[in-house]
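Student: Shown below is the structure under consideration.
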Amino acid sequence: MSTVDKQLEDVRATIDEEVPNHISISEVTYEGPELVIYTRDPKEFASDGDLVRRLASKLRKRITVRPDPDVLTTPDTAEEQIRDIVPDEAGVTDIQFLADTGEVVIKAEKPGRVIGRGGETLREITKAVGWTPDVVRTPPIESPTVANVRSFLTQERDDRRDILERVGRQIHRDPMSSEEWVRITTLGGCREVGRAAYIISTADTRILVDCGDKPGERTEKPYLDVPEAIGSGASSLDAVVLTHAHPEHAALVPLLFDHGYDGPVYCTEPTRDLLGLLTLDYIGRADENGGKRPYDTDMVREAVKHCITLEYGDVTDIAPDVKLTLHSAGHVLGSSVVHFHIGDGLYNVAFSGDIHYDSTRLFDGAVNEFPRVETLVLESTYGGRNDYQTDQDDSERKLKQVVRNAADREGTVLVPTHAVGRAQELMVVLEEAMRRDEVPEMPVYLDGMIWESTAVHTTYPEYLRDDVQERIHDADRNPFLADQFTPIDSEDRKEIADRDEASVVLAAPEMLTPGPSRSWLEHLAGDADSTLTLVDYQAKNTLGRRIQNGQRKVPVGGGDTVSLEMNVETIDGFSGHADRQGLENFVKTMHPRPEKVLCVHGDESATQDLSSSLYHDYNLRTFAPENLETFRFK
């Protein structure tokens, strides 16, 4: 008998002692980081509200109780019964069965009517069909991405459970080494923006944090094949942890599965869904531009199937000697500051991912309070000594002026921007400005993935600021449903560009690499009445950076160029990244303050400037590592 089987046998004995005799336990197993108890009596089990808490405290495990599959009514029959039980005025819009968890997700316009007084209706549902109901508000913009991901996971429930059980046994195995040490190896993202990839290693565990591309350099990917860096290849990894779903951090996660990885990907639920959306778009853009696909759609599905989602603040075992906690990073939907607690109090490491220190229109500022942190791996995108952004109010005033000027000339304001996060910030600002008559009303065209990304935001309002959540739940005040927002497709671009009307176009990608925004630039480049407005960070070697630096020739198909007659404006206060002051404030107010800081994800001068400043001002040991360096901390 393996040590994990013996452990489960002991756990089962403890559960049998604690659970009343009239409640049957059909199976106890590990699924991912959780101990899962299957019961044929889910209603009786749930009736004792303290039972799960008592078991979790005694076993020191995260516990999930699920109905035994044998007691679940078939989905077709269950849906009929649920619709009979729930009153019509609840406005049920969808019912989705998650067989791998025994849950039924009920979407309704009025969730309270599904829940019933004191949860009475929920109990009636469980008693009738066996499934555990999870009630969510119907999002005001339905997301095909979210629906497809959930449907796919339901279809793959058998494979999914096999994956989770295998991961669970790996997590709860006995440590294989008596040695204690912690190392970080940099596979990308050092003295450069993008290509983020870092391995944190112990004597027992190897975890990859992020796996992104490098903007403007499609041939440069993380050093995944270097033997001294990643050992025997991707299959040697125990886990992958994603800070967020932007391409510079997540675009190449499916490539890991093409390289033989078969383990878990830990992230928030929005990050999982956006990972599917963004990676499919990533290979779609490769197809459009005649490039080689880095991976196929099968690998995207594998990546999504292996995702294990966590909520902010939950401390989770992901290896025999590593606990993981995700905290809000304030950067984009579902973005995380990643905290690792290693060993029995041995060492603690936090990866900032991309952070925004102050609150924005959509998000509260990044969390920087932890039980312990000895080493911080800190982004340095705006870490240069002169990288101070205008504040948000000034940035909004400047954007409004740009829009007013374009309206006077009947021109177009083209804003290349991240489809996830930045576009939604801009939508909130523009909606308010037009509602208050601070700028003339005009069409705001949303190109590429922006509308679908907005739908994902409305699916997960709990990740947004409280005031935005309230507005999303009120159809009359929802900023994303304003009449001026119009999603468009590629065939609409030329017709709209040729119109003599004032308009705003929000289009990804943000750095004018090939994609919708680049296509718009080619259509509008010769229009002196229009304005190119850059609101995101422009990495080296990208067209956006070259235009910022004065280039006035825009490459088009066939190796030709067109002259850039558009006005060019840079408004930096909308960035989802903390500026130099914000980065310093993040470290200065961090509790506890780390002993060491690795400055990464910034141009060479930015990482070195920030590293030097933190050393001199706060007496910290700081580093500006290069790719393929290894640091040992214990």
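Converting from the sequence shown to the working numbering requires adding 3 to each position, the first position being numbered 1. Cβ coordinates follow ideal geometry from the N, Cα and C atoms, glycine included.
1) Going by DSSP, what residue range makes up the beta strand (DSSP E) through Q99?
2) For T274, which residues of its own chain have a beta-carbon under 7 Å away from its beta-carbon, when the five flanking residues on both sides are left out?
3) With T141 as the anchor, note down where its beta strand (DSSP E) starts and where it stops.
4) Around the C-beta of Y463, are 16 or more other C-beta atoms found within 10 angstroms, so that it is buried, or is it exposed?
5) Mind checking whether G451 and P519 have CB atoms under 8 Å apart?
6) With DSSP as the reference, identify every bridge partner of L211, one or two as the case may be.
7) Decide if A531 is buried, meaning its Cβ has at least 16 other Cβ atoms within 10 Å, or exposed.
8) Determine the direct distance from the alpha carbon of E572 to that of P443, and round the result to whole angstroms.
9) What are the uninterrupted segments assigned as beta strand (DSSP E) that are 3 or more residues long and contained completely in the segment 456-541, given in chain order?
10) Run through the DSSP bridge pairs and tell me what A353 is partnered with.
11) Evaluate T592 with the Cβ neighbour count: other Cβ atoms within 10 Å of its Cβ, from every protein chain shown; 16 or more gives buried, anything less gives exposed.
12) Look up I311 in the DSSP assignment and say whether it is helix, strand or coil.
13) To the nearest angstrom, how far is the alpha carbon of H460 from that of K497?
14) Which of the three DSSP states is assigned to F366 in this structure?
15) Using a Cβ-Cβ cut-off of 8 Å (strictly less than) and excluding sequence neighbours within five positions of R474, which residues of its own chain qualify?
16) In whole angstroms, give me the CA-to-CA distance for L515 and H421.
17) For the alpha helix (DSSP H) that contains R425, what are its first and last residues?
18) Among all the DSSP beta bridges, which residues are the ones paired with V185?
19) Identify which residue in D228, D161, D97, G122 has its Cα closest to the Cα of S146.
20) In the DSSP assignment, the alpha helix (DSSP H) including L156 goes from what residue to what residue?
21) For P628, count the other beta carbons within 10 Å of its own beta carbon; 16 or more makes it buried, fewer makes it exposed. Which is it?
22) Please name the residue in A242, V95, T319, V185 whose C-alpha comes closest to that of R65.
23) Can you find the residues in the same chain that come closer than 6 Å, C-beta to C-beta, to E607, ignoring five residues on each side of it along the sequence?
24) On the premise that V185 lies in contact with Y350, defined as a C-beta separation below 8 Å, what is that separation, rounded to the nearest angstrom?
25) Let me check understanding here. Comparing Cα to Cα, which of L365, G547, M430 lies closest to G470?
26) Please report how far the alpha carbon of G197 lies from the alpha carbon of H604, in whole angstroms.
27) Ignoring anything shorter than 3 residues, give me the beta strand (DSSP E) runs that lie fully in the segment 9-64, in order along the chain.
28) Let me confirm a value: V438 is counted as buried when at least 16 other C-beta atoms fall within 10 Å, else exposed. Which label applies?
29) Where E159 and P78 are concerned, what is the direct C-alpha to C-alpha distance, given to the nearest angstrom?
30) Under the assumption that Q427 contacts T457 (Cβ atoms under 8 Å), give the Cβ distance between them as a whole number of angstroms.
31) Leaving aside the five residues before and after I18 along the sequence, list all residues of the same chain whose C-beta is less than 7 Å from its C-beta, in chain order.
32) Here's the rule I'm using: 16 or more other beta-carbon atoms within 10 Å means buried, otherwise exposed. How should Y298 be labelled?
33) What is the residue span of the beta strand (DSSP E) that R624 lies within?
34) Does the distance from the CB of V406 to the CB of V507 come in under 8 Å?
35) Does the separation of the CB atoms of P225 and A200 fall below 8 Å?
36) Assuming contact is defined by CB atoms lying nearer than 8 Å, are T106 and D137 in contact in what I supplied?
Tutor: According to the data block:
1) 95-101
2) L245, H247, A248, G337
3) No beta strand (DSSP E) contains T141, which DSSP labels as neither H nor E.
4) Under this definition Y463 is a buried residue.
5) yes
6) I202, V243
7) exposed
8) 20 Å
9) Listed in chain order, the complete beta strand (DSSP E) runs (minimum 3 residues) inside the segment 456-541 are 488-490, 506-510, 534-537.
10) H342, L379
11) Residue environment analysis places T592 among the exposed positions, since fewer than 16 neighbouring C-beta atoms fall within 10 angstroms of its C-beta.
12) strand
13) 29 Å
14) coil
15) R480, N481, P482
16) Going by the C-alpha atoms only, they are around 11 Å apart.
17) 425-438
18) T205
19) D97
20) 147-158
21) buried
22) T319
23) R194
24) 5 Å
25) Reading off the sequence shown, one finds Asp at residue 470, where the question assumed Gly. Nearest C-alpha to D470: L365.
26) 6 Å
27) 28-34, 37-42
28) Checking the displayed sequence, the identity of residue 438 turns out to be Arg instead of Val. Label assigned to R438: exposed.
29) 16 Å
30) 6 Å
31) I28, V31, I40, L58
32) buried
33) 624-626
34) yes
35) yes
36) Residue identity differs from the one stated: residue 106 is Glu in this sequence, not Thr. Yes; because the gap between Cβ atoms is below 8 Å, this pair is in contact.
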